[in-house]
Every structure is written in structure tokens, then in C-alpha cells.
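Note that the protein sequences, when read in sequence, are chains Y and F. The first sequence begins at 24 in the working numbering and counts up by one. The second sequence begins at -14 in the working numbering and counts up by one.
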Amino acid sequence: MNDPLLRIEDLRVWFGTRTNDVRAVNGVDLDIHPGEVVGLVGESGSGKSVTARAIMRLVPMPPGRLVSGRILFDGIDLTALPEGEMEGLRGGRIAMIFQDPMTFLNPLITAGDQVAEAIRRHQGLDRRAARAEVINLFRKVGIPSPELRYRAYPHQLSGGLRQRVMIAMALSSRPELLIADEPTTALDVTIQAQILTLLRELQQESGMSILLITHDLGVVAEMCDRVAVMYAGRIVEQAPIDELFDRPEHPYTIGLMNAIPRPDLPGKAPQPIEGAPPDMAHPPTGCPFHPRCMFREAICVTDDPSMIGVGADHQSACHFAGTDRIRVGAPELIGSAQR
Amino acid sequence: MARLIVTRLLTLIPLMFVITSIVFFMVRFVPGDPARIMVGGQRISEQNLANIRKAYRLDQPLVTQYRLWLGDILSGNLGRSYRQRTEVSTLILERLPLTAKLAGFSFLLSLLIAVPLGIVAAVHRNTWVDVAATMFAVLVASSPVFFTGILLLLLFSFRLGWLPALGAGEGGWDQVRHLLLPSLTLGLSLAAITTRITRSSMVEALTQDYIETARAKGLPTRTVIMKHAFRNALVPIITVSGLLFGFLIVGTVLVEQTFGLGGLGSLLIDAVQMRDYPVVQGATVFIAGIFILINLVVDILYGIIDPRVRYGGQG
Ligand SMILES: Nc1ncnc2c1ncn2[C@@H]1O[C@H](COP(=O)(O)OP(=O)(O)O)[C@@H](O)[C@H]1O
Ligand SMILES: [Mg+2]
């Protein structure tokens, strides 16, 4: 395969004091190739947003700090880049959209001006040219009467329109990588579907890569080429989308799948994973998932499993990955998952 | 927006009425006979005193005095001073320019000190810069105005000899030089409060989500701070500045005393000491009127800054 656009190596971002660190991101390895849509899934608190912000270098430091790792974007190590150059990349070659389009737009500036600001910053257009470009973008992301919406303030727009404004802002500089941190979580179901469709269309048209963060496997199934499952600050399983749904190789992934409501299987109620994610100030010994794992053995309590290949481009960090043990544990899932 | 201003007026005008009425009765409950004070220490017959009281309606029952006074005020007549035999409005207008300059300079200086300091403290929160700014604010805020004033006098006039100590000076530049220390004194004590507010509203604004969007756009830190955070922090800063106007008035009175300036403050103090009721009342009505005006300006500024105020709609 060709070189990845983004390569994250052993990323660790911890928060707090040296004596009581919250290990929010604790050894993430992840590649994103040009034109690829990669899903990053995991329960709330697993470190997805911190990973995304680390790529953008938006993690507040302090209290955060980079304990180890490199983030290579097109061969450039972002962790070592001078701030001025990083500013040039942000909103330029790498763009980001966020969860709640209400709170992430400035209430005092019109929607159009907020997008124009990004355009002027990265393309050096003058006011009028930037304005025309914003109207174009608004049209492209499906905002009706764009001239009118240009002058609207965020509180005068619906949630769906606000997210389209955010998308227009992010796409204004034709980024190579778009990081979308739960872009539809705050929206109604029907609007969610529209926004996802829009993102998919824009991606196919531009060929950009997307890192799509979500806790919703349904969204992943619809959007992604490849999935990385995150738990307790690291990636515990990674696979192409069909492979993951057909043959999950980590108990946590299986747990996430069992937690999805399945209207197509009436007899099967969703089963949430028992327990809660670990306190990352005091992570458990061995495998971080062992306290909640239905396949737990003695080795899980003592030894931390590393990622092992279990198929083409498929890895899992479980002592029993690739063995029958896991497959027997998830019989209903096989062949009947979302896809 | 227009509705907001009307509502404001409807609440503030009765308030103004209540305040001035309270002042009307309070000056009269303070012991001391204006007629006797008016003639100074001179021996004078009871008959003459009675004549004076009659001339100034002081012989009437309190309620009648009040009614007459209200009638005068509503027809725009603030009355005549007992002592100076001049219209109160003339006295006020004579003294107003100096006090207005003093208040204006003080306010300007306070913003010039407080806003940058508050912003820097917020941006570097929980570092030594922040601690230093907080210490400054607490220290100055807890010093009485005359104390700060005397310290500044000792330093800049007596020790360094850079600035004049007393009086208002004459003509443009001389007056600026004379007003610098009084304004700095008052400006510093205002700045103490404004610094705290600027810091806290900037900290609040800087932790909002839209700041992250601004940074994610690649905007330089300066733009993020000034364009995105500061504009949002302005509303509380303006609110407090409006409220500080009352503080500013009290401050000018104290500072005028400390620096021997003949402004509105000393007019008021003298009038209270001399039981010159019309001047006390007139000055109070005047100050209350300005207070209402400032409040209106604050409301209009809200509308200019915040479209949610301008257009209504959910917050
Ligand atoms: N600014 C911060 N200061 C301290 N802790 C933080 C900060 N941001 C995130 N964390 C911690 O990092 C962990 C992971 O958070 P996050 O990446 O937001 O999770 P996710 O996006 O997967 O829900 C959480 O435990 C959170 O408390
Ligand atoms: Mg998150």
C-alpha cells in the first residue's frame, strides 16, 4: 500500500500532575491513507477526542502533556512543528468539525463571516472574493438561500444548518484530512442521516481522508472504509469495515456490537457492556478491558496483550484474538451484523 | 431593542424619583438650621430669621415643601442656592466640566489599565502573571481612595516633582497635568474591580467551544483572543462599567477633596455642610439623571455587541 497520509505512532497524552496522571491517550497507533474514511469508535471517555485534538495540536498543555509519540502528516512530524507552521496547517490541509454546532460557532459573528474568516486566512482572498466563495460553499453543502444565511447569526439557524456551516468552514480550504468529532451526535436522527450523506458525497468528490469519530457503530457501518476501536486510551482492534462486522476479534468490539439495538432481530434485546470504563488515573493491571471481559482468564489480569495480526489488515489486542474462544462467544453476530 | 430601552426607562425613572425623594427628606432630618447657617455666626433677631425661613419656604410643613419642590423639578426648575443666591442649575453647570473631565479621564485610565491586565491574567491564568495581577487588584481595591491619592501625591509631586499637587490648573495642557494624578487615583481604584471582571469573563470566554473552532481554523492566537474571546467577554465588562458609574461619582467627591478640586463633588459636600437644600437636591437629581443615561447607553451597547439581544430569540 502507498504511504499513509497520517501516521500516529505510540501517542500518549496524559493530563494532570506527575503523581496522578489521567492517561487519556495511552499508546495509540493509527494510519490513515489518502482518500480513506477511518472510523474511530469507543465509549465516551475512551480518549477519542483527545486523540483528534492531539492531531490538531489543540490539547490544552498544561494540564495535558505529550508523554510519547509522533504524528506524521504527509511525512511532517506535527508534534515537533513550530506553532506558526501548525497554524498554517490547521484549517488548511487538516480541518476539523465538532460535535455541537451551536456551541462551536461564535454567537456574535454571522455564519458567513465565520466561514469567510477561514477562507481569508488560508487563501488570502479579499473581503468580496471571500464572500462570494462562502456563498458557493453554502450552496455546495446544501444551505438554502445562501445569501440570506450568510448574514444569519448562529442562534437564528437550525442545528442541521449550523453543522452545514461548520462543514463549509472546514472544507473551504479543500483539506486533505478532515477530522470529524461526533459530527452528528447532537442532531436529530433524520438530520444525522442528511449530514452523513453530505459528508460521504463531499468525500467522494474531493477524495479527502476522513477520521470519523463516533460512539455509534451504525454510523461507522454507513460511512467508513476501516474502523479502529478505542478503549482506555488505545486502539484495541482495527480492521476493514466488512471484516470487523463479520469477524470481530476483540471482546470489547463484540460487546459494542451486542449493545446496538437490532430491529432486524426481534428476539434480541440490546445488551450493554457491563461495568464502566476504567479510571485512567488508576488503570487496571494486565489487559485494560479484563474487569469487564466475559472471556477473562488468569493471563488477562497479569499480562497486557499487544496488537497481533489476525487477518489481512486486521489486528486485535486480545490474548485470545484469532482463537475459537472469541468466535464461540459471539455466535449471533457472525454473518448477521449490520452489513 | 427599542422595547428594551423603553422597559429600562420605565423602571429607572421611578427609581430616580424614589432616590431624589429620599434625599429630599434626609437632608431635612439632618440637624442644623439652614437659616442660621446662612447668616453665619452673626447675631440676628428672631424676626429676621423668620423672614429668611419664610423667603425660602422653610416655614412651611414638610409635605408642602415637598409638593412645591416636585412641581419645580417637573417644570425643569432646580431652584436657587440659599447661600450663593444663584440658580442651582448654573452652579451645577459651572462645576460640571471639571468633574466630567475627572470622571472621564479616570474611567479611561481604568479601562486602559484593567482591560489589558485582565486579558493577560486570563490568558496566562494560574501562572505568576495571573497571581501578580490579582494581587494588584486586591491591594488597590482595598486601599481607600484618599490613601492611594496621598501615596501618588507623595511620589509624583513631592518626591519626583513631575506633577502639580493641588488645584485644577488653567487651560488645556495645564489642566491635563493637574488632573492626571486625581484621575490616576480614581482610575486605579476602578481598575481594581474591572481587572477582576475582565479576567473572569475572559477566562469564561476562552474556555468556550467556539474558541476551539477559531483555533482549528488556523487563526493566530492574537486573533482568537481579541476577536473571538474578548468580544464575548465584553458584555459583563460593560455591565460592570455601567454599575461602576455610581462608584465613580462617590470617587470624584473623595478625589476632589483630596486634591482640592472645585468640582461637582465639592459643591455637593459644601452644600451638605451648609444645609443648602436646593443644591443638594438639585445635584442629586442631576446625578441620578446621568445614571439613567449611562444605563441606557449600556443597554444600547449590549444590542450592538450581541445579536441575540438585538433580534431576541433563544440565548
Ligand atoms: N482538558 C482536559 N483536562 C483534563 N482531562 C481531560 C481533558 N480533556 C480530556 N480529559 C480526559 O481525557 C479522557 C478522555 O476524554 P475524551 O478524549 O474526551 O473521550 P471521548 O472523546 O472518547 O469521549 C477523559 O477521562 C477526560 O476526563
Ligand atoms: Mg469526545
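The beta carbon of each residue, even a glycine, is placed where N, CA and C say it ideally should be. Every value quoted in this text rests on a predicted model; they were computed, and no experiment measured them.
- Within chain F, the C-beta atoms nearer than 9 Å to that of Y/PHE121 come from ASP194, GLU197, THR198 and ALA201, in chain order.
- Rounded to the nearest whole angstrom, the C-alpha separation of F/THR192 and Y/THR102 is 23 Å.
- With respect to Y/SER196, Y/GLY98 sits apart: the two C-beta atoms are not nearer than 7 Å.
- Taken in chain order, the complete alpha helix (DSSP H) segments of 4 residues or longer contained in the stretch 108 to 178 of chain F are 113 to 126 and 130 to 137.
- DSSP places Y/ILE94 in the strand class (E or B) of the three-state scheme.
- When distances are taken from the beta-carbon of Y/PRO86 to the heavy atoms of ligand 1, the shortest one is below 6 Å.
- Shown in chain order are the members of the stretch 141 to 153 of chain Y whose Cβ falls below 9 Å from a Cβ of chain F: ALA141, ARG144 and HIS145.
- Our two residues, F/ALA35 and F/GLN45, have alpha carbons roughly 11 Å apart in a direct line.
- Here the stretch 249 to 265 of chain F makes contact with the stretch 76 to 86 of chain F; the two share three or more CB pairs at distances below 8 Å.
- Per DSSP, the beta bridge partners of Y/TRP37 are Y/ARG88.
- Taking C-beta atoms under 8 Å as the contact rule, Y/SER339 and Y/VAL259 qualify, at a distance of about 7 Å.
- When Cβ-Cβ separations below 7 Å define contact, Y/HIS178 makes contact with chain F.
- Annotated as distal: Y/VAL242 and Y/VAL250, with beta-carbon spacing of 7 Å or more.
- Chain F places no beta carbon closer than 7 Å to that of Y/GLY87, leaving this residue out of the contacts.
- Here the stretch 161 to 172 of chain F lies against the stretch 233 to 245 of chain F, with 3 or more beta-carbon pairs under 8 Å apart.
- Between ligand 1 and Y/VAL51, a heavy atom-to-CB distance of less than 6 Å is absent.
- The alpha helix (DSSP H) runs lying completely inside the stretch 99 to 124 of chain Y and spanning 4 residues or more are 106 to 112, given in chain order.
- Not one beta carbon of chain Y lies nearer than 7 Å to the beta carbon of F/PRO221.
- Fully enclosed alpha helix (DSSP H) runs of no fewer than 4 residues occupy 134 to 146, 150 to 163 and 169 to 173 of the stretch 131 to 191 of chain Y, in order along the chain.
- By the Cβ neighbour-count rule, F/GLY61 is exposed, with fewer than 16 other Cβ atoms within 10 Å of its own.
- If you ignore the 5 residues before and after Y/VAL73, its C-beta comes within less than 7 Å of the C-beta of VAL36, ALA47, VAL48 and VAL82, all in its own chain and listed in chain order.
- For F/ARG293, the nearest CB of chain Y lies under 7 Å from its own CB, placing it at the interface with that chain.
- Of the heavy atoms belonging to ligand 1, at least one sits nearer than 6 Å to the Cβ of Y/SER67.
- Under the Cβ distance rule, F/ARG216 counts among the residues neighbouring chain Y, one pair being separated by less than 7 Å.
- DSSP lists Y/GLN261 and Y/GLY332 as the beta-bridge partner residues of Y/GLN338.
- Using a C-beta cut-off of 8 Å, the stretch 198 to 209 of chain F makes no contact with the stretch 170 to 187 of chain F, since fewer than three inter-stretch Cβ pairs fall below that distance.
- Remark: the shortest separation between the CB of F/LYS212 and any heavy atom of ligand 1 does not fall under 6 Å.
- By a beta-carbon distance limit of 8 Å, Y/ILE264 does not contact Y/PRO271. Their separation comes to about 12 Å.
- At a cut-off of 7 Å between beta carbons, F/HIS163 makes no contact with chain Y.
- Taking 7 Å as the CB threshold, F/HIS109 stays off the interface with chain Y.
- Three or more Cβ pairs closer than 8 Å define a contact, and the stretch 168 to 181 of chain Y meets that threshold against the stretch 133 to 150 of chain Y.
- The count of Cβ pairs closer than 8 Å, one atom from the stretch 226 to 235 of chain F and one from the stretch 275 to 286 of chain F, reaches three, so the stretches are in contact.
- Using a cutoff of 6 Å, the CB of Y/PRO83 counts as near ligand 1, since one of the ligand's heavy atoms is closer than that.
- For F/LEU228, no chain Y residue has a Cβ inside 7 Å of its Cβ, as the nearest lies near 22 Å away.
- Of F/ASP18, F/VAL100, F/ALA117 and F/ASN111, the smallest CA-CA separation from F/ARG38 is found for F/ASP18.
- Considering only F/PRO263, F/ILE272, F/VAL270 and F/THR224, the residue with the shortest C-alpha distance to F/LEU43 is F/PRO263.
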